[in-house]
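Below is one structure; the comments refer to it alone.
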Amino acid sequence: MPTEPTTRHRVAFIFPIYNEEANIDLLHRTVDEVTAPLAGRYDFSFIYVDDGSRDASLDRLTELGARDPRVTVVELSRNFGHQMAVTAGLDLVDADATIIMDSDLQDPPRVALELLEKWEEGYEVVYAQRRSRRDSPFKRITASAFYWFLQKMAAVEIPKNTGDFRLVDRKVVDELRKYRERDRFLRGLVSYVGFKQTAVLFDRDQRHAGVTGYPLTKMLRFAADGILGFSTTPLRMITRMGYLISLLSFLGVLYVVGVKLFAPETAVPGWAFITIAMFFLGGIQIIMLGVLGSYIGRTYSQVQNRPLYTVASVRTGVPESARDSRSAAR
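Just so you know, numbering that gives the first Met the number 0 puts 148 at position 149 of the sequence shown, and the rest follows in order with no gaps.
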């Protein structure tokens, strides 16, 4: 009896691109070399999402698509941010497994092979967890503080020292497409949807070229998305802060009454204390209003129900069969 041909799994890579003209060619060449030994088992494709780059990244991607028919280039109409660029790729992808990877070569492409191995074992989410990272001391300290704070406050368990570098199964991608919040924190969403998940440890490399797309201000905003999007603890902390201030005020009243009753000669008009207390309470109130405003602002943005991003164009590579027919026609 003739044996049925083995089904080849389709695996797609998603690369968000923002001002990465110096990295694109090396990135694609490296990923191609890494995946070449598995070409007999998988059909690989590559989705590059240009997030409104201001350099020649789009030109490099267009040239890349002309050379490699497996490449699809998604051009967003402007810069929508890293998380939106990845979302655009997830909305477009059609594969059995999808690997999300940054384009600065800090995520070693060779780790993708380990992600695929775990996927073949039956895991539906395989996230790359940083064992070490070649970043500045400031970046390492702030990253550690962020993940510690996130684990304490988030309603779901989000693995520490992980980024968006991960493999997700088709069923996970289909589930993620249902979540359309604007202030996106994808690694939190992946944890939230569940499924069978595991980690692959790796050592993060240095950025090959260019500058990071996440300066301190964006990192703080991104951290706020992770905390506010998966936790209502800041709202509960406002109530607890109110209880604490009320307790301190009550203790202050007891102190004043005690001085008046038992040591009236030591009582001194406390204008400085009153002034400091007023400023302290005023600052606490402003912070509380800021926390409330953050949640209200997110709600306002969500109820507007605007599209998450706008696609200017989608360019796919020319299949080799079409190239051959064109050559013959000429």
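Every residue, glycine too, gets a C-beta built ideally from N, C-alpha and C.
Item checked: 8 angstroms contact criterion, which residue 50 and residue 16 should meet: CB distance rounded -> 6 angstroms
Note to self: Out of 19, 187, 117, 129, which one is the CA nearest neighbour of residue 168?
What the structure shows: When each option's Cα is compared against that of residue 168, the closest is 117.
Item checked: For residue 54, three-class secondary structure by DSSP -> It is coil, neither helix nor strand.
Item checked: Three or more C-beta pairs below 8 angstroms linking the segment 181-188 and the segment 105-119 -> no
Next item on the list: Provide the residue span of the beta strand (DSSP E) that contains residue 11, from first to last.
Entry: 8-16
Notebook entry, point to check: Would residue 46 be called buried (16 or more neighbouring beta carbons within 10 Å of its own) or exposed?
Noted result: Label assigned to residue 46: buried.
Notebook entry, point to check: What three-state label does DSSP hand residue 102 in the structure shown?
Noted result: coil
Next item on the list: Would you mind working out which of 72, 75, 92 sits nearest residue 335, comparing C-alpha positions?
Entry: Only positions 0 to 329 of the chain appear in this structure, which leaves residue 335 out of reach.
Item checked: Cutoff 8 angstroms; reference residue 24; Cβ partners in own chain excluding five residues on either side -> Excluding the 5 residues flanking it on each side, residue 24 has same chain C-beta neighbours closer than 8 angstroms at 59, 63, in chain order.
Note to self: Just to confirm my understanding: we take residue 208, look at its own chain, exclude 5 residues before and 5 after, and list those with CB closer than 7 angstroms. What are they?
What the structure shows: Legend: pLDDT at residue 208 = 49, less than 50; position of this residue unreliable, value from coordinates given subsequently. Excluding residues within five positions, the ones whose Cβ falls inside 7 angstroms are 21, 22.
Next item on the list: Just the C-alpha distance for residue 319 and residue 74, rounded to the nearest angstrom, thanks.
Entry: Low confidence applies here, because residue 319 scores a pLDDT of 47, under 50, leaving its location unreliable; read the following figure in that light. Whole-angstrom Cα-Cα distance: 23 angstroms.
Notebook entry, point to check: Is it true that the CB of residue 69 sits closer than 8 angstroms to the CB of residue 102?
Noted result: The answer is no: Cβ separation not under 8 angstroms.
Next item on the list: Express the C-alpha separation of residue 311 and residue 38 in angstroms, rounding to a whole number.
Entry: So the alpha carbons of these two residues sit roughly 32 angstroms apart.
Item checked: Which listed residue (82, 164, 18) has its alpha carbon closest to that of residue 202 -> 164
Check: Is the distance from the Cβ of residue 309 to the Cβ of residue 76 below 8 angstroms?
Finding: yes
Margin query: Please identify the residue among 160, 55, 95, 194 whose C-alpha is closest to the C-alpha of residue 124.
Written below: 194
Margin query: Let's see if you can read the secondary structure: which residues bound the alpha helix (DSSP H) around residue 190?
Written below: 185-192
Notebook entry, point to check: What distance in whole Å lies between the Cβ atoms of residue 13 and residue 104, which are believed to be in contact at a cut-off of 8 angstroms?
Noted result: That belief does not hold up - the Cβ atoms of residue 104 and residue 13 are roughly 15 angstroms apart, past 8 angstroms.
Next item on the list: Would you identify the three-state DSSP class for residue 157, choosing helix, strand or coil?
Entry: coil
Notebook entry, point to check: Grouping DSSP H, G and I as helix and E and B as strand, with all else coil, what is residue 169?
Noted result: helix
Next item on the list: Using three-state DSSP, classify residue 208 as helix, strand or coil.
Entry: For residue 208, the pLDDT reaches just 49, beneath the cut-off of 50, and the residue's location in the model is therefore unreliable, although a value from the coordinates is still provided. Three-state DSSP puts residue 208 in coil, outside helix and strand.
Item checked: residue 314 - partner residues in DSSP beta bridges -> 72
Checklist line | Reference residue 56, options 67, 19, 7, closest by Cα | finding: 19
Item checked: Pick from 6, 161, 32 that is closest to residue 198, judged by C-alpha positions -> 161
Note to self: Whole angstroms are fine: how far does the CA of residue 65 sit from the CA of residue 314?
What the structure shows: Pairing residue 314 with residue 65, the inter-Cα distance amounts to about 9 angstroms.
Notebook entry, point to check: Can you round the beta-carbon distance between residue 48 and residue 84 to whole angstroms, since I take them to be within the 8 angstroms contact cut?
Noted result: A Cβ-Cβ separation of about 4 angstroms places residue 48 in contact with residue 84 under the 8 angstroms criterion.
Item checked: Distance, residue 288 Cα to residue 175 Cα -> In this structure, the CA atom of residue 175 is about 32 angstroms from the CA atom of residue 288.
Check: Can the beta-carbon of residue 172 be found closer than 8 angstroms to that of residue 108?
Finding: Contact: no.
Notebook entry, point to check: If you drop the 5 nearest sequence neighbours on each side, which residues of the same chain put their C-beta closer than 6 angstroms to that of residue 106?
Noted result: The answer, listed in chain order, is 100, 164.
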